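K.L.:
Number of protein chains: 2
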Amino acid sequence: MKASVFIAMSLDGFIARPNGELDWLDAANAKVSKDEDFGYHAFIKTVDVLVMGRKTYEYVLTCDEWPYKDVPVIVLSRQPITFPANLPKTITCSSEEPPDLCNRLSQEGIQHIYVDGGITIQRFLAHGLINNLTITLIPTILGEGTPLFGSVPQDILLQCLSSYTFKSGFTQIKYTVLTEDI
Amino acid sequence: MKASVFIAMSLDGFIARPNGELDWLDAANAKVSKDEDFGYHAFIKTVDVLVMGRKTYEYVLTCDEWPYKDVPVIVLSRQPITFPANLPKTITCSSEEPPDLCNRLSQEGIQHIYVDGGITIQRFLAHGLINNLTITLIPTILGEGTPLFGSVPQDILLQCLSSYTFKSGFTQIKYTVLTEDI
Numbered sequence: 007m008k009a010s011v012f013i014a015m016s017l018d019g020f021i022a023r024p025n026g027e028l029d030w031l032d033a034a035n036a037k038v039s040k041d042e043d044f045g046y047h048a049f050i051k052t053v054d055v056l057v058m059g060r061k062t063y064e065y066v067l068t069c070d071e072w073p074y075k076d077v078p079v080i081v082l083s084r085q086p087i088t089f090p091a092n093l094p095k096t097i098t099c100s101s102e103e104p105p106d107l108c109n110r111l112s113q114e115g116i117q118h119i120y121v122d123g124g125i126t127i128q129r130f131l132a133h134g135l136i137n138n139l140t141i142t143l144i145p146t147i148l149g150e151g152t153p154l155f156g157s158v159p160q161d162i163l164l165q166c167l168s169s170y171t172f173k174s175g176f177t178q179i180k181y182t183v184l185t186e187d188i
Numbered sequence: 007m008k009a010s011v012f013i014a015m016s017l018d019g020f021i022a023r024p025n026g027e028l029d030w031l032d033a034a035n036a037k038v039s040k041d042e043d044f045g046y047h048a049f050i051k052t053v054d055v056l057v058m059g060r061k062t063y064e065y066v067l068t069c070d071e072w073p074y075k076d077v078p079v080i081v082l083s084r085q086p087i088t089f090p091a092n093l094p095k096t097i098t099c100s101s102e103e104p105p106d107l108c109n110r111l112s113q114e115g116i117q118h119i120y121v122d123g124g125i126t127i128q129r130f131l132a133h134g135l136i137n138n139l140t141i142t143l144i145p146t147i148l149g150e151g152t153p154l155f156g157s158v159p160q161d162i163l164l165q166c167l168s169s170y171t172f173k174s175g176f177t178q179i180k181y182t183v184l185t186e187d188i
């Protein structure tokens, strides 16, 4: 089973302001053609299960509509979550640790999970459970916020597969994690 | 007068480990052809004055030889520094604040300064005194260390000029600072 991250971060490594606000990202996106999705739709088509943290779930709930349609979503949460009735029935929650969750999903035949949310990504990375990272660097320095990366048990070495700067100035870099170094 | 940053950072935004060690950068560089300098020599030829912090100066002193030859260097330090006799006479120190230093150098006819060292870069950025950033992203996640960027009075918006991934997997991104947004 493969686990991927697909996320935008500021040049100084933040995915949100300290209070979780994404206004800076919305402002950057406002200058982008609506046809440009930075490869997101092609990516999400390859995803069997989206695993996100509770904070990300709560943020997504504030959006106008649930953006993941019928993609199965697992929300990691220590406490059970009661999902609103208007959400797809493909959403579940789990308190499993990342290795246990990956083992279970792999045994269920899942081939590709998309891991989202700062703390969740950090937990999976720290366990050596991420295979691919697609990072879209937004040309903004925020100075403070929620960092994408956190502490790791040891250096994580990556292989850069490609980089591309869009007209918007967003630079997307694709990495694989060199698991032999973990 | 133009002020540039030309620096390598880990994907998670660090320029050194917590103790200042660059072993991770040396390890990454060890895999690189010796002919590949990532544009550094072309860049340094355009520099009139290199401005660095005291910590960077002290680190450079530990290297086998002074790498900047006759490029004039100003070391920012609150305390006067006695420079070793074997260093070029083009090294001076200054306790000026970044805006005062930039005003003085500009009046002296200096056209291009290279600003180096984490804290020094952060001070110049916070004052809106940096025009260009060339960031070479090393495909390594360190988890902790000395961050390139620090807090800023408000968002700094950048324009991406180019990106390029070298065979080594280092991705170099060139930005200009959109000063009208500061």
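Quick mapping for you: the protein sequence lines, in order, are chains A and B.
FYI, the numbering for the first sequence is 7 to 188, going by the working numbering.
FYI, the numbering for the second sequence is 7 to 188, going by the working numbering.
Just so you know, even glycine gets a beta-carbon here, dropped at the ideal spot from N, CA and C.
Since this is a predicted model, take the numbers as computed values, not measurements.
1. Given that a residue counts as buried once 16 or more other Cβ atoms are within 10 Å of its Cβ, and exposed if not, what is A:Asn138?
2. Could you give the uninterrupted runs of the beta strand (DSSP E) lying entirely in the stretch 58–95 of chain A, keeping only those of 3 residues or more?
3. Under the DSSP definition of a beta bridge, which residues are partnered with B:His118?
4. Nearest to B:Asp76 by alpha carbon, out of B:Val55, B:Leu31, B:Pro86?
5. Given this structure, state the Cα-to-Cα distance separating B:Ala132 from B:Ser174, to the nearest angstrom.
6. Where do the N-terminal and C-terminal ends of the alpha helix (DSSP H) with A:Gln128 fall, by residue?
7. Pick helix, strand or coil for A:Asp187, following the three-state DSSP scheme.
8. Under 8 Å: do the stretch 140–156 of chain B and the stretch 109–123 of chain B share three or more Cβ pairs, one atom per stretch?
9. I'd like to know whether the C-beta of A:Glu27 is nearer than 8 Å to at least one C-beta of chain B.
10. Determine, using beta carbons only, whether A:Ile147 and B:Thr177 come nearer to each other than 8 Å.
11. Taking Cβ to Cβ, would you say B:Gly123 is nearer than 8 Å to B:Thr62?
12. Report the neighbours of A:Glu150 on chain B: residues whose CB is nearer than 8 Å to its CB, in chain order.
13. Let me know the secondary structure DSSP gives B:Ser112 once reduced to three states.
14. Could you spell out where the beta strand (DSSP E) holding B:Ala6 opens and where it closes?
15. Please return the same chain residues whose Cβ sits closer than 6 Å to the Cβ of B:Ile125, not counting the five positions on each side in sequence.
16. So that I know if they touch, is there some Cβ in chain A lying closer than 8 Å to that of B:Gln85?
17. Between the alpha carbons of A:Asp18 and B:Tyr65, how many angstroms are there, rounded?
18. Under a Cβ-count criterion, where at least 16 other Cβ atoms within 10 Å of its own Cβ denotes burial, should A:Pro86 be classed as buried or exposed?
19. Nearest CA to the CA of B:Met7: which residue from B:Glu71, B:Gly134, B:Gly151, B:Gln117?
P.N.:
With the structure as the only source:
1. By the 10 Å Cβ count, A:Asn138 comes out buried.
2. Counting only runs of 3+ residues, the beta strand (DSSP E) found wholly inside the stretch 58–95 of chain A occupies 79–82, in chain order.
3. Looking at the DSSP output, B:His118 shares a beta bridge with B:Lys8.
4. Selected option, being the one with the closest Cα: B:Val55.
5. Near 32 Å, if we compare the C-alpha coordinates of B:Ser174 and B:Ala132.
6. Unbroken alpha helix (DSSP H) run through A:Gln128: 124–132.
7. Low per-residue confidence applies at A:Asp187: pLDDT is 45, beneath 50, and the placement is therefore not dependable, though the value from the model is reported in the following sentence. Residue state, collapsed to three classes: helix.
8. In this structure the stretch 140–156 of chain B does not touch the stretch 109–123 of chain B; the number of beta carbon pairs closer than 8 Å is below three.
9. No - not a single Cβ of chain B is within 8 Å of the one on A:Glu27.
10. No, they are not a contact pair.
11. With contacts defined as CB atoms closer than 8 Å, B:Gly123 and B:Thr62 qualify as a contacting pair.
12. Here the neighbours are Ser157.
13. Helix, per DSSP.
14. Any property of residue 6 of chain B remains undetermined from this structure, which presents chain B solely from 7 to 188.
15. Excluding positions up to five away in sequence, the list reads Gly59.
16. No - not a single Cβ of chain A is within 8 Å of the one on B:Gln85.
17. Rounded to the nearest angstrom, the gap between the Cα atoms of A:Asp18 and B:Tyr65 is 24 Å.
18. Classification of A:Pro86: exposed, given that the 10 Å Cβ count is below 16.
19. Per the Cα distances, B:Gln117.
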